[in-house]
Amino acid sequence: MAEAVKSYRQVQAEETRIRIAQSARRLFADQGYGATSIDAIAKDAGVATRTVYSAFGTKREILSLICDIWLAEAGALERAQEVFAIEDPTARLRGAAGWLTNLYAAGFDVVLIFEAATDESPETKALLRSKLAGRNQVMDAIIESLQPALRIPLKQAQAVYRALAAPGVYQELVNESGWTPAEFQQFVADSLTRQLL
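Below, the structure is given as structure tokens:
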């Protein structure tokens with residue numbers, strides 16, 4: 001019986017953490033990471049300020065969960081595995097473009113929150129670097145898996161993919177210029193195949 005109660009409490013605690021993270025994500029996107037207080041997050045989530053502190057401790061930890069939820073919703077890991085399973089180099093690069101586009105389409109607001117939060121404390125910068133490092137490792141590994149088919153050196157090829165993945169490119173083409181995510185994906189796929197193979 002005690003185990004069932006504990007399990008129920010754990011479920012409740014996790015639901016509260018997710019609700020807080022969802023509120024924070026909205027507020028960070030609307031008001032900015034630095035300008036959003038823990039009090040404002042608590043009020044939006046409908047919980048006491050002390051609940052936010054006990055669930056997370058810092059805004060940085062909330063940001064970490066926001067990122068984890070975004071990557072899970074985007075199916076980032078599963079989609080990357082699907083890309084690696086593609087045999088044909090051209091099709092694999094098109095898959096890489098699709099992986100990137102799906103990631104951004106599922107949560108570009110999170111990308112922009114990360115961009116805005118880079119001016120924060122050294123600890124926040126370290127968190128952001130570690131989260132971005134995971135994305136970059138996947139991207140670099142996709143390109144490395146194509147090494148026999150590349151027509152330029154590996155490091156240059158990886159840099160081309162990372163340049164096309166720079167948040168400013170997606171923002172300019174999709175958010176500012178009105179391209180659809182599908183048009184962005186086609187652009188990245190065409191650019192990668194033209195430059196790398």
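Using UniProt numbering, the first residue of the sequence shown is number 1, and each one after it goes up by one. Heads up, the beta-carbon is just placed ideally off N, CA and C, and yes, glycines get one too. The model shown is predicted, which means the values in this text are computed figures rather than measured ones.
Roughly how many angstroms separate the alpha carbons of L63 and A21, rounded to a whole number?
Roughly 8 Å separates the two Cα atoms.
Within the region 120-176, note down every full alpha helix (DSSP H) run reaching 4 residues or more, in order along the chain.
Fully enclosed alpha helix (DSSP H) runs of 4 or longer: 122-144, 154-164, 167-170.
Assign I86 to one of three DSSP states: helix, strand, or coil.
It is coil, neither helix nor strand.
In the structure shown, what three-state DSSP assignment does V47 receive?
The answer is coil: DSSP assigns V47 none of H, G, I, E or B.
So for L77, helix, strand or coil by DSSP?
Of the three classes helix, strand and coil, the one that applies to L77 here is helix, per DSSP.
Indicate the three-state DSSP secondary structure (helix, strand or coil) for L93 in the structure shown.
Here L93 sits in helix by DSSP.
First and last residue of the alpha helix (DSSP H) that includes T193?
Taken as a continuous stretch (DSSP letters only), the alpha helix (DSSP H) holding T193 covers 181-196.
Give the DSSP-derived three-state secondary structure of T101 in the structure shown.
Correct three-state label for T101: helix.
Which runs of the alpha helix (DSSP H) fall wholly inside the UniProt domain "HTH tetR-type" (14-74) and span at least 4 residues, in chain order?
Taking only runs of at least 4 residues, the alpha helix (DSSP H) segments lying wholly in the UniProt domain "HTH tetR-type" (14-74) are 38-45, 49-55, 59-74.
For L93 versus L173, is the C-beta distance shorter than 8 Å?
No. Outside cutoff.
In whole angstroms, what separates the C-alpha of T193 from that of N175?
Their Cα atoms are separated by approximately 24 Å.
Whose C-beta lies closer than 7 Å to the C-beta of M1 among residues of the same chain, with five residues either side of it excluded?
Low local confidence applies: a pLDDT of 47 at M1 is under 50, so the model's placement there is unreliable, with the coordinate-based value given in what follows. Excluding sequence neighbours, M1 sits near nothing in its chain.
Do the region 69-79 and the region 92-109 make contact, defined as three or more Cβ pairs closer than 8 Å?
Yes, the region 69-79 touches the region 92-109.
Can you give me the C-alpha to C-alpha distance between V11 and V110, rounded to a whole angstrom?
Using only the alpha carbons, I get a separation of about 25 Å.
Considering only C-alpha positions, which residue in the set G95, A116, S191 is nearest to S145?
Cα-wise, what sits closest to S145 is G95.
I believe A42 touches T49 by the beta-carbon criterion, under 8 Å. Please report the beta-carbon distance rounded to the nearest angstrom.
That pair is a contact at about 4 Å.
Going by the beta-carbon positions, is the gap between A117 and T124 smaller than 8 Å?
Against a cut-off of 8 Å, the Cβ pair of T124 and A117 comes out as a contact.
Tell me whether Q185 is buried or exposed, calling it buried when 16 or more other Cβ atoms sit within 10 Å of its Cβ.
The residue in question, Q185, is buried, as its Cβ has 16 or more Cβ neighbours within 10 Å.
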